[in-house]
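Residue numbers (the working numbering), protein chains in the order written: chain A, 22 to 414; chain B, 22 to 414. Don't be surprised by glycine CBs; every beta carbon is placed ideally from N, CA and C.
2 protein chains.
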Amino acid sequence: MYEEKFSEDVGSFFRSPVREIFKKVDLGSIYSFAGGYPSAETFPLEEIRRTMSEVIDKYAGKAFQYGATQGVPELREAVAERCGVPVERVQITSSSQQGIDVCTRVLVDPGDVILTSSPSYLGALQSFRSYRADIRGVAHNADIAAFKAEYEKVIAQVEAEGKKIKFLYMIPDFQNPSGESLTLEEREMLVSLAQEHDFLIVEDSPYRELRYEGDHIPTMYSLDPDRVIHLGSFSKIFAPGFRLGWAIAHPDILDKIYVCKQSLDLCPPIFDQYVAAEFLRSGRLDANLQKSIALYRRKRDLLLSQLEEHMPEGVSWTHPEGGLFLFLTLPEGFDAVRFYDKSLDAGVAYVAGEFFHPDGTGKNTMRMNFSFMSEQKIREGVELLSRLLRETL
Amino acid sequence: MYEEKFSEDVGSFFRSPVREIFKKVDLGSIYSFAGGYPSAETFPLEEIRRTMSEVIDKYAGKAFQYGATQGVPELREAVAERCGVPVERVQITSSSQQGIDVCTRVLVDPGDVILTSSPSYLGALQSFRSYRADIRGVAHNADIAAFKAEYEKVIAQVEAEGKKIKFLYMIPDFQNPSGESLTLEEREMLVSLAQEHDFLIVEDSPYRELRYEGDHIPTMYSLDPDRVIHLGSFSKIFAPGFRLGWAIAHPDILDKIYVCKQSLDLCPPIFDQYVAAEFLRSGRLDANLQKSIALYRRKRDLLLSQLEEHMPEGVSWTHPEGGLFLFLTLPEGFDAVRFYDKSLDAGVAYVAGEFFHPDGTGKNTMRMNFSFMSEQKIREGVELLSRLLRETL
Numbered sequence: 022m023y024e025e026k027f028s029e030d031v032g033s034f035f036r037s038p039v040r041e042i043f044k045k046v047d048l049g050s051i052y053s054f055a056g057g058y059p060s061a062e063t064f065p066l067e068e069i070r071r072t073m074s075e076v077i078d079k080y081a082g083k084a085f086q087y088g089a090t091q092g093v094p095e096l097r098e099a100v101a102e103r104c105g106v107p108v109e110r111v112q113i114t115s116s117s118q119q120g121i122d123v124c125t126r127v128l129v130d131p132g133d134v135i136l137t138s139s140p141s142y143l144g145a146l147q148s149f150r151s152y153r154a155d156i157r158g159v160a161h162n163a164d165i166a167a168f169k170a171e172y173e174k175v176i177a178q179v180e181a182e183g184k185k186i187k188f189l190y191m192i193p194d195f196q197n198p199s200g201e202s203l204t205l206e207e208r209e210m211l212v213s214l215a216q217e218h219d220f221l222i223v224e225d226s227p228y229r230e231l232r233y234e235g236d237h238i239p240t241m242y243s244l245d246p247d248r249v250i251h252l253g254s255f256s257k258i259f260a261p262g263f264r265l266g267w268a269i270a271h272p273d274i275l276d277k278i279y280v281c282k283q284s285l286d287l288c289p290p291i292f293d294q295y296v297a298a299e300f301l302r303s304g305r306l307d308a309n310l311q312k313s314i315a316l317y318r319r320k321r322d323l324l325l326s327q328l329e330e331h332m333p334e335g336v337s338w339t340h341p342e343g344g345l346f347l348f349l350t351l352p353e354g355f356d357a358v359r360f361y362d363k364s365l366d367a368g369v370a371y372v373a374g375e376f377f378h379p380d381g382t383g384k385n386t387m388r389m390n391f392s393f394m395s396e397q398k399i400r401e402g403v404e405l406l407s408r409l410l411r412e413t414l
Numbered sequence: 022m023y024e025e026k027f028s029e030d031v032g033s034f035f036r037s038p039v040r041e042i043f044k045k046v047d048l049g050s051i052y053s054f055a056g057g058y059p060s061a062e063t064f065p066l067e068e069i070r071r072t073m074s075e076v077i078d079k080y081a082g083k084a085f086q087y088g089a090t091q092g093v094p095e096l097r098e099a100v101a102e103r104c105g106v107p108v109e110r111v112q113i114t115s116s117s118q119q120g121i122d123v124c125t126r127v128l129v130d131p132g133d134v135i136l137t138s139s140p141s142y143l144g145a146l147q148s149f150r151s152y153r154a155d156i157r158g159v160a161h162n163a164d165i166a167a168f169k170a171e172y173e174k175v176i177a178q179v180e181a182e183g184k185k186i187k188f189l190y191m192i193p194d195f196q197n198p199s200g201e202s203l204t205l206e207e208r209e210m211l212v213s214l215a216q217e218h219d220f221l222i223v224e225d226s227p228y229r230e231l232r233y234e235g236d237h238i239p240t241m242y243s244l245d246p247d248r249v250i251h252l253g254s255f256s257k258i259f260a261p262g263f264r265l266g267w268a269i270a271h272p273d274i275l276d277k278i279y280v281c282k283q284s285l286d287l288c289p290p291i292f293d294q295y296v297a298a299e300f301l302r303s304g305r306l307d308a309n310l311q312k313s314i315a316l317y318r319r320k321r322d323l324l325l326s327q328l329e330e331h332m333p334e335g336v337s338w339t340h341p342e343g344g345l346f347l348f349l350t351l352p353e354g355f356d357a358v359r360f361y362d363k364s365l366d367a368g369v370a371y372v373a374g375e376f377f378h379p380d381g382t383g384k385n386t387m388r389m390n391f392s393f394m395s396e397q398k399i400r401e402g403v404e405l406l407s408r409l410l411r412e413t414l
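As C-alpha cells, then:
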C-alpha cells in the first residue's frame, strides 16, 4: 500500500538474520551460539550503580541535559588518552554501528565500491547495501603474495569498470565472523594498496582489547592516521546497553561526520557518556576488562576442546586468539541455512556463514559465539550440535 | 584534501547555527534565549537516582545487554498505552531527531519534495537538506481559506514540475520556532489535502504535553492514522540527556523504519529505556511533568510581560499557549543575523529567525526560548536585549 512512497534505498534494505533470530526466540531459553552478546556476568552491576550515583552527584542536571554533538569533553578526552590520539580526532558515536553507518553515509554514493574481507561483519554489509554500495569481498589467503594478488585483481577490475573505490572495510583484530586477525605484514600490505590506489580504510575494532593470547598488533590507523578511520566500541569492554562507541580520524573527515551526526541524532546519550567516562578514568573499566578477558579465555578454550572432542570428521574451525567468535567449516555441500531450522527446533542457535559473505558463498560455514553462554551450556550445546550434525552429515 | 572522497549528500550538509553557538559559548555564563533546552530544575535527580537503582535491581544484566531494535517491550507498551495506540505501531527511536532523519531516509530521494511550514524546525530542515530534498515552505495564514489556497498553489506547482511530494512535515503544537499551534480546522484541512494528493504527513510532537492554557487539540495522527507518522520525545517531558523518542505509524511504514534502524545503530540505549519505562509506569513522569508545566507557564508569562514592558515600538511577538519558544518580529529591514554578534558581545544569545525559513526569508525575526533560564535571568536578559535593540532600531 505504501510501496511507491518509499525511497530507492529501501529497495536495498535487508533484514539482519541475526536480529530476526533475536525477535523470535528468547536466547536465554536455548543453546545460543548465535549472537555477539557479551556475557551478562561481565557487567559489574554494583560498580555501575555506584558510578551512576557519583555522576549524579558530580554533574547534577548537566548529566541529563543536551550536550555537544562530538560527545561530552570528559569522554572524548578519556578515549583520546586511551587510544593515544589528539582529542580533535575523537568523535563519540551512538554505538559503533552508527560509526559504520555514518562513514558510509558521508563517503558512498550508489554504485561506489566498498572493498571488504569475505566473510565480513553482517551489520556493516547491511549498512553498505542500504546505501546501494557495490560491495566486493576478498577471501583471506595465508600466502601474502597471493592475498595481495587477489586484492590487486579486484582493484584492477573496479578501475576497468570506471568505478570508484571509496574505502576498504576491515576488522583486523579477531574478526567477526571468522575470529581471525590480520598479521602486521598483511595490515601493511593493505595500507600500501590504499595509498597506491588512493582509497580510505575504515578499521572496525570492537574486539581489539579482548586478547587471550599472543601480542597486540599495531592498528591499521597507526600505519596511516590520515587515511584510516578507526572505529571503537564500549560494547565489548564495558556494556552494549549504553550504545556508545567512537570514531578516530583526520579532523577534515571527522568534521563531515560531526555535521552529519547533528541531523542524525544531535548528540550521543549524555548520562551514559559521563558514566563511561567515570568508569574509564577511575580504572574500573580496565579492572573489569581483565576479569572479562579471563572469563572469555576460559570459554574459548572450553569451546575449542569440546569441538575437538565431539565434532564429526570433516568439520574444521578457526582458533581465535581473542574476540567472541570462531568460524566452523563443514563438508562441501552442507547447507547451514537449511540445517538451521532443524537445529533451532532441537534448541541450538548459530548464524549461518552465508550471511557474512557479500557474494552469497560460504554455505557450508557457521559462526559460533563463545562469550554469551555459561560454560555448562557451552558444553551441552556443543554436544547437542555435534550429535545433530553427525545425524545429518 | 578529502573533497573528492565524500558522497554527494555531503555537499548539501549544513551546520546547525544553534549547535555551533553551543560549541562557542557556555550557555550558563550568558543570557541565553537561544537553545531549546529544558530547565535543569525540571530534572528530578533524586527520583532518577532511585529509579536507576530500581532498574538495576529489577533487570540486572539485561539492562546493560543488547536489546530489540524496536525498543524494549516495557517502554513500547508504556508509550502505546500513553498514546492510545496498539504496540505494533510503536518504534522507540534514539531521539526524536532520529525519528525525523529516519523518516526522511526511508521516504525521500534527491529532488523529492517535502512540504513544511515556514518557519520550521531547523534540525528537520538540516536533515531534509542532507538527503537533497526539495523543501517548499508555506507561511501560516490566519484566514483558513487563504492558508489552504497557499498550499494548493505550492502543490499545483510541484505537480506541474512533475515532482513527487513525499510528505508534509508539521509541528502542530507550539511549533518550533513560532510557538504557535494549528487549529483543529487547519489540521483537518491539511490532512484532507494529503488525502486528496496522496502524500504522507510527518507530525513532530515534542512539545504537545507542555500546554499552559487552552484545550488539547487532536493530533493529526488521530485524523488519519494510516497516513500520518507521529513522532514523540522524552526530551521535554523527562530529560533530553537520555536521547529517547518514539515513532507511531502504520506497521508497513514502521517495518521500513525498523529495518533501517538495524543498520543505523542496532537498538536504542537499553538502560535508558528501562529507566524511562519505570519512570512512566510509576507515575513519576506525570507528577514531574505537572511541576515542569507550572514552572514554564510562569516563565512564559514573565517573558511576555517583560517584552511588553521593555521592547521598543515596532517589535511584535507570538503568544504561545505552550512549548518552549516565542517568535519575535522586528521592523522590516532589521537583520537579526547581523545584529547577533553585537548581541552576543553584550551577553545575550537568541537564534536568528532566518535559519528557520527554508527560503532564507524572515531576516527580521528571532526565536526566544523561555524554558532554560532562571526567572531572574529572563528579566535581566530582556532588559538588556531591549536596550540593545533600542540603540539599533
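Query: Residue 202 (chain B) classed as buried or exposed, judged by whether at least 16 other C-beta atoms fall within 10 angstroms; Result: buried
Query: Residue 160 (chain B), enclosing beta strand (DSSP E) - first and last residue; Result: 155-160
Query: Interface flag, residue 23 (chain A) vs chain C, CB-CB below 7 Å; Result: In summary, chain C is missing from the structure at hand, where the protein chains are A and B.
Query: Residue burial classification, residue 120 (chain A) (beta-carbon count within 10 angstroms, cutoff 16); Result: buried
Query: Which listed residue (A:116, A:76, A:92) has its alpha carbon closest to that of residue 262 (chain A); Result: A:116
Query: Proximity test, Cβ basis, 7 Å: residue 314 (chain B) and chain A; Result: no
Query: Where residue 73 (chain B) falls: helix, strand or coil (DSSP); Result: helix
Query: Residues within the segment 91-114 of chain B neighbouring chain A, beta-carbon criterion of under 9 Å; Result: 91, 114
Query: Secondary structure, beta strand (DSSP E): runs of 3+ residues fully inside the segment 86-157 of chain B; Result: 111-114, 134-139
Query: Neighbouring residues, chain A, relative to residue 124 (chain B) (Cβ below 9 Å); Result: Those do not exist, as residue 124 (chain B) stays about 10 Å from chain A at its closest Cβ, beyond 9 Å.
Query: Residues bridged to residue 337 (chain B) (per DSSP); Result: B:350
Query: Cβ separation of residue 294 (chain B) and residue 31 (chain B), assumed to be a contact under 8 Å, to the nearest whole Å; Result: Wrong, their Cβ atoms sit about 32 Å apart, outside the cutoff.
Query: The segment 73-89 of chain B contacting the segment 47-65 of chain B, beta-carbon criterion three pairs below 8 Å; Result: no
Query: Proximity below 7 Å, CB of residue 396 (chain A) to CB of residue 384 (chain A); Result: no
Query: Cβ neighbours of residue 305 (chain B) in the same chain (closer than 6 Å, five flanking residues each side left out); Result: 68
Query: For residue 222 (chain B), the three-state DSSP class (helix, strand or coil); Result: strand
Query: Buried or exposed (CB count within 10 angstroms, at least 16 for buried), residue 352 (chain B); Result: exposed
Query: Candidates B:22, B:39, B:26, B:28: closest to residue 390 (chain B) by CA position; Result: B:39
Query: Whether residue 268 (chain A) touches residue 147 (chain A) by CB criterion (7 Å); Result: no
Query: Against chain A: residues of the segment 254-268 of chain B by CB proximity under 7 Å; Result: 260, 261, 262, 263, 264
Query: Between the CA atoms of residue 287 (chain B) and residue 224 (chain B) - distance to the nearest angstrom; Result: 24 Å
Query: Three CB pairs or more closer than 8 Å across the segment 80-94 of chain A and the segment 250-264 of chain B; Result: yes
Query: Distance cut-off 6 Å: residue 414 (chain B) Cβ against heavy atoms of the ligand NAP; Result: In the structure shown, the ligand NAP is absent, as is every other ligand, since no ligand is present at all.
Query: Proximity of residue 189 (chain A) and residue 222 (chain A) at Cβ, strictly below 7 Å; Result: yes
Query: Alpha carbon of residue 198 (chain A) to alpha carbon of residue 217 (chain A), nearest angstrom; Result: 28 Å
Query: The alpha helix (DSSP H) enclosing residue 309 (chain A), as first and last residue numbers; Result: 305-331
Query: Helix, strand or coil at residue 269 (chain B) according to DSSP, with G and I counted as helix; Result: strand
Query: Within chain B, the residues that residue 332 (chain A) reaches when beta carbons sit closer than 8 Å; Result: Within 8 Å Cβ-Cβ: nothing; residue 332 (chain A) doesn't reach chain B, min ~28 Å.
Query: Reference residue 315 (chain B), options B:230, B:388, B:118, B:208, closest by Cα; Result: B:230
Query: Alpha-carbon to alpha-carbon, residue 409 (chain A) and residue 54 (chain A); Result: 15 Å
Query: Beta-ladder partner(s) of residue 251 (chain B), from DSSP; Result: B:224, B:269
Query: Whole-number beta carbon distance between residue 358 (chain A) and residue 52 (chain A), since they are thought to touch under 8 Å; Result: Actually they do not touch by this definition, with Cβ atoms about 19 Å apart.
Query: Rounded straight-line distance, which links the Cα of residue 407 (chain A) to that of residue 33 (chain A); Result: 36 Å
Query: Inter-residue Cα distance where the pair is residue 244 (chain A) and residue 209 (chain A); Result: 7 Å
Query: C-beta neighbour in chain A for residue 215 (chain B), strict 7 Å; Result: no
Query: Cβ pair count under 8 Å reaching 3, the segment 320-328 of chain A against the segment 336-353 of chain A; Result: yes
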